[in-house]
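Same order as they appear, the protein sequences are chains F, U and B.
First residue of the first sequence? That's 1 in this note's numbering, and the numbers climb one at a time after it.
First residue of the second sequence? That's 1001 in this note's numbering, and the numbers climb one at a time after it.
First residue of the third sequence? That's 2001 in this note's numbering, and the numbers climb one at a time after it.
From the three backbone atoms N, C-alpha and C, an ideal C-beta is built for every residue, glycine too.
Step one of this worksheet: look at the structure below.
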Amino acid sequence: MAVLDTAPALPRVGSWNRRARGGGPVWKLYASLAVCVLLASAVLFPGAFTRSSPLQQQLGDRLLAPGWSRGGSTVHPLGTDALGRDLLARVVYGARYTPPISIAAVAAAGTVGTILGVVAGYFGGLVDLVIIALADFMLSFPFILTALLVAAVLGAGVFNLIVILALGSWPTYARIARAETASMRHREFMTAARAMGLRTAAMLRRHLLPNISSSLIVIGGLEVARLMIAEAFLSFLGLGVPPPLPSWGNMIATGRDYLIQQPWLVIVPGLAIMLSATAFNFLGDALRELLDPRLAHGD
Amino acid sequence: MVRYLALRIVQAIIVAFLISLATFFLLFIAGNPVHLMVGEGATTGQIAQFSHQLGLDQPILSRYIRFVAGMLAGNFGESLFMRGQPALGAVLARVPATLELAAAALFSTLVLALVLGIAAAVKRSGPFDHAVLLGAALAQGVPSFWFGIALIMLFSVHLHWLPFAGMGTWRHLVMPCATLDLYLLPTFVRLIRSRFVDVLREDYIRTARAKGLGEPRVYVRHALRNASAPIIAALGLQSGHFFGGVVVVETIFGWPGAASLIVSSVVQFDYPVVQAGVIVVALMIASSNLLADAALALSDPRVRYASPE
Amino acid sequence: MKAGQGEGTRMSSRRSRSAVAPLAALIALLAFASGAGGAIALPKDATLTVSLGTEVNSLDPYAFTDTRTHTVILQLFDPVLDHSPLNGDPIPRVATSVQPLTPTVWELKLQPNARFTDGGPIDANVVRYSVARLLDPRHKYPLTPQFNWIKAVAAVDPHTVRLTTTAPYPLVRQFLSVLSLVPPKYIQTVGDDQFARNPVGNGPYKLSSWVPGQQLVLVRNDEALPPKPKVQNLVFLPITETATRIAGLLSGNIDVLQDVPPAQIDAINQSGVAHVFTTPGLRADFLVFDAFGMASKTPLMQKDVRLAIAHAINVNEIISKLLNGHVTRTCTVGSPLAFGYDSKVPCYQYDPALARRLLAAAGFPQGFTITLNMFPGLALDAPEVSQVIQGYLAAVGIKVTIKQYPTVGQFFADVTAHKVEGIQLVSEGGFGLFDLQAAYTAFTAQDGEYSYIGDHDIFGWYTGLTQTIDMARRQQLYANIQRRISDQAYWFPLWVQQVNLAISNRARMEVSPDDALRFRLATWTK
């Protein structure tokens, strides 16, 4: 038994209908998909969640407490912000900004970073040195400076926000992809693939990539969460989503001034980030288990 | 091995140099400190006069050449705002505080993450595993500054157990360290857990089990070695993201470290201090990456000989 | 399983374990090697702990660049003249009298008994030395440009100084209240750098110890000019985070705090630990319109458009609802406490219907798009105020895009370079001098650093009021400028900020409009 199981043949990418067999409970996948559906419906049908407008200022109703606490009301179930705007509405409409921006940045950074990391780890030598130097450069460059630079040259705005976030995070994927690629380079299945005469690009894509994807997917999930907070940091600098548009990040940034007396201004968008982050993490988990080729053998 | 390390050191120096170049031109594009220094009620003539005194109106190329010449001699000039203090000296004086905070946080995070991550991986899919994953995801979403202030309000204002800010005794280190831990733990815990889950399935683990080695030895010897590659890579990696977390913690707790000095110098455009600080940070990050890569090469011989087939 | 692989794995596992262990040990070692020592223990009932909100960078009195550092300087160095905190009237300090002999020559008579803490005398020679040092361009002091109205200083006798100005200069006494005197012998002995770290002064307090970034300790100087301080020790903590400073106040670790965000005032007053005192200050917030198209061609170049905007903003509602009455409305830019303020300039009435008519008459019945530029922290609650203004202007058809600058340096640089298009939300404090000249220098002079005014009449009036010491004439010229600005709506005045001071219930100190902390007058409540 041991002999048969030791040297796997070329592993295949697991397929979707094996999920019932692979390890890990399926409920995680369903729960995270449910949250994603919730987010998507908040983006597409915000009116279903709230009748208030996120932009309507009511100076007479500033800083109202959430509905359940003393002094709160059901008109504004989560209270109001410094300009009297309904917090629930702002959180719901904020789903149009924060999650898509983070996802886009992770997708961009992940793609670029993984490609560069795989190339570095596989080819080694000068290519490796150059790519690592670039990654080190990006990592060592204080993010605040990167942000100011891009803003000074390109200006503010949602697209540039995505660029800034992606610029600051691609080295993460590159280094992990590189480490894993370097580890896997000499594994039996890679040797076998080369012996079979596969071209490098195809081999990397079909055989190496699935085997290193688990760490990358996990990191991707965490990065989405981290970038949502990074968006708040950029909002402190005025580089986030421009006012009066609501993003969870700029709500946290402005809520900071009212932290002690009106903590819900930070807690509510923070909870939104936490919920979405958890969902993306679990989704990453579930995806990993679906795609992990070793699970395809069922054990 | 030595050749590999030597190459990486050269590379680190090149990176630091490139960073100083980029920072110099970036600062030039982004702004200048003169307005902040001269005070209100100035005329453009006075601004120009003061700019001239500081040498800021010279052509950019000649300023850069003078800067590089100075830098090679270890002289970054004097801070524009901290009179009489050499820029490099000002940064280096505050590095130990940042290192203390960073080391404490890294150590405690590593210990906690190893314990939680390995336990979760071993008891995979059990309630403990779910709790750890949920906790990590939730912790990721908590903004550091909110957590830090909440800690201050609770432990300092209400309970009077801990000092509210500043540096000094071990008590001053507790809350900043805890805040930084919260920032780092989710990534570490999940990565360690994920890697251990993968590794525990590996064939050689089953072989080791089949060979009759007891469970703890299986995990420690074989699993740790093979899980260490991306974990060590992540350790080196964290030094980059670290900076952001350290800045927040230093600012909130008034921790007199180099990170908050550099950021406040960026905002004020205190050029010499920013230049000095960026180089120091870059070299620190590069050396921690180097250490991580060296550990990686040591632990996994397959990585060491990086050459195309 | 290949034999070679097994051997390899066993050997490298040993090596990798030995790599991880020393790494962990190194980290642990660094973690527990503690940093600098703890705080000096001072008797709490003789010590006030102050949170400045910024770091003190240098104790050289000519090198400060922000008003909070100036607070510390003020305790260490008595200026030549003092001024009343209520209205800026000159009060004798080191100089007992300052009188103009001619429009360009002033005579200062000095106290006979003033001394530095090292015993050195303060005489006319010291004044001459100090001014020369301040004006020396080699030092690159930020204060130097502010004093370039001084042409010459001469010591007539040990206690009489004659000051010659380049042209008649109206603010001689005001600037003398910012001029600290420095000890020539001490500086010549230890050098400028050492003086900046360990100064000798003549103020109510002297330096006891300073750990940069951690704390600065001052103790009472018993040889200072009266009144003698009641508080013996001052400790300054450089914590920048507002929430942390307030937490420090509430936990009893901090006794004195400035710049309390208005939203937190009630909480502090109800805490039972400290109280917040407020008074109208010298800082005025206002909007600047690019009326002369200096940055770009804009609808703001038409007077009716500017007037429309002025009538579309409900300032009273902003003050009562957004700022909870923590500011005082002004109808012209400046503080009512400052010399030159013209209280007869009328306010713009809130009238959106009139605004719409004006816009239509100007050719913009459908409105237009314009940018509102600001930096948070300049004007009070700038981000919120910007958004509220955005709302008011939207109601009359003007679409506002808010441009928030990430750093104040960039904002000022763009303003000076005339790159800021549209509307700016700005603030000016008049250098704390109870006279509008500093503010109008920056914002109306032809070469003012922030000036977007192109009106030659205003240039002429401004030049006139800066080159005469006839106060009545200056008041008239100030009035001319303000009325022209109001008629043409070059600016839109908002309000004057309050200064606030949070102080522990253990002590008492007056809050003053110039936002300076006069610790020599602080007392204990028990």
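Within the region 2135 to 2146 of chain B, the residues whose Cβ lies closer than 8 angstroms to any Cβ of chain U are, in chain order, 2137, 2140, 2142, 2143, 2144, 2145, 2146. Boundaries of the beta strand (DSSP E) around residue 2157 of chain B: 2150 to 2157. Our two residues, residue 2464 of chain B and residue 1030 of chain U, have alpha carbons roughly 37 angstroms apart in a direct line.
The secondary-structure analysis by DSSP pairs residue 2284 of chain B across a beta bridge with B:2428, B:2496.
A residue is called buried when at least 16 other Cβ atoms come within 10 angstroms of its Cβ; residue 1163 of chain U meets this threshold and is buried.
Residue environment analysis places residue 1248 of chain U among the buried positions, since at least 16 neighbouring C-beta atoms fall within 10 angstroms of its C-beta. In this structure, residue 2496 of chain B sits near residue 2334 of chain B, with a CB-CB distance shorter than 9 angstroms.
By the neighbour-count criterion, in which a residue is buried when 16 or more other Cβ atoms sit within 10 angstroms of its Cβ, residue 2522 of chain B is buried.
Nearest Cα to residue 290 of chain F within the set F:190, F:218, F:199, F:130: F:218. Three or more Cβ pairs drawn from the region 2053 to 2062 of chain B and the region 2235 to 2248 of chain B lie within less than 8 angstroms of each other, which places the two stretches in contact.
By the C-beta criterion, the region 271 to 287 of chain F is judged to be in contact with the region 1131 to 1146 of chain U, since at least 3 inter-stretch pairs fall below 8 angstroms. When beta bridges are read from the DSSP output, residue 2448 of chain B appears opposite U:1043.
For residue 2504 of chain B, no chain U residue has a Cβ inside 7 angstroms of its Cβ, as the nearest lies near 14 angstroms away.
By the CB criterion at 9 angstroms, residue 2481 of chain B and residue 2288 of chain B fall outside the cutoff. Under the three-state reduction of DSSP output, residue 2198 of chain B falls in the coil class, being neither helix nor strand. Using a Cβ distance threshold of 9 angstroms, residue 2124 of chain B and residue 2155 of chain B count as a contacting pair.
Within chain U, the residues whose beta carbon sits less than 9 angstroms from that of residue 2244 of chain B are 1148, 1149, 1152, 1164, 1165, 1251, 1252, 1253, 1254, listed in sequence order. Nearest CB-CB separation between residue 94 of chain F and chain U: not below the 9 angstroms threshold.
Look at residue 2150 of chain B: its C-beta is not under 9 angstroms from any C-beta on chain U.
One alpha carbon belongs to residue 2494 of chain B, the other to residue 2118 of chain B, and they sit about 49 angstroms apart.
Per DSSP, reduced to three states, the secondary structure at residue 2093 of chain B is coil, with no helix or strand assignment.
Counting only the Cα atoms, residue 1100 of chain U lies some 30 angstroms from residue 274 of chain F.
Taking the C-beta atoms as reference points, residue 1082 of chain U is found nearer than 9 angstroms to residue 2058 of chain B. Under the Cβ criterion (8 angstroms, minimum of three pairs), the region 2241 to 2260 of chain B does not count as touching the region 235 to 242 of chain F. Taken in chain order, the unbroken stretches of beta strand (DSSP E) that lie wholly in the region 2223 to 2251 of chain B and span 3 residues or more are 2233 to 2237.
The residue among B:2186, B:2510, B:2080 with its C-alpha nearest the C-alpha of residue 2173 of chain B is B:2080. The beta-carbon separation of residue 2195 of chain B and residue 2060 of chain B, rounded to 6 angstroms, stays under the 8 angstroms limit for a contact.
Taken through DSSP and simplified to helix, strand or coil, residue 2087 of chain B comes out as coil.
Between residue 1286 of chain U and residue 257 of chain F the beta-carbon gap is near 37 angstroms, outside 8 angstroms, which marks them as no contact. Around residue 2292 of chain B, the same chain offers 2454 as residues with beta carbons nearer than 6 angstroms, after the five sequence neighbours per side are excluded. Leaving aside the five residues that flank residue 116 of chain F on each side, the residues in its chain whose CB is nearer than 7 angstroms to its CB run, in chain order, 131, 174.
When the beta-carbon positions are compared, residue 2420 of chain B and residue 1035 of chain U stay at least 9 angstroms from each other.
Interface annotation, residue 1036 of chain U: in contact with chain B, CB-CB separation under 9 angstroms.
The beta-carbon of residue 246 of chain F is placed no less than 9 angstroms from the nearest beta-carbon of chain U. Nearest to residue 2072 of chain B by C-alpha distance, out of B:2109, B:2234, B:2336, is B:2234. In the DSSP annotation of this structure, the continuous segment of the beta strand (DSSP E) that includes residue 2107 of chain B starts and ends at 2105 to 2110.
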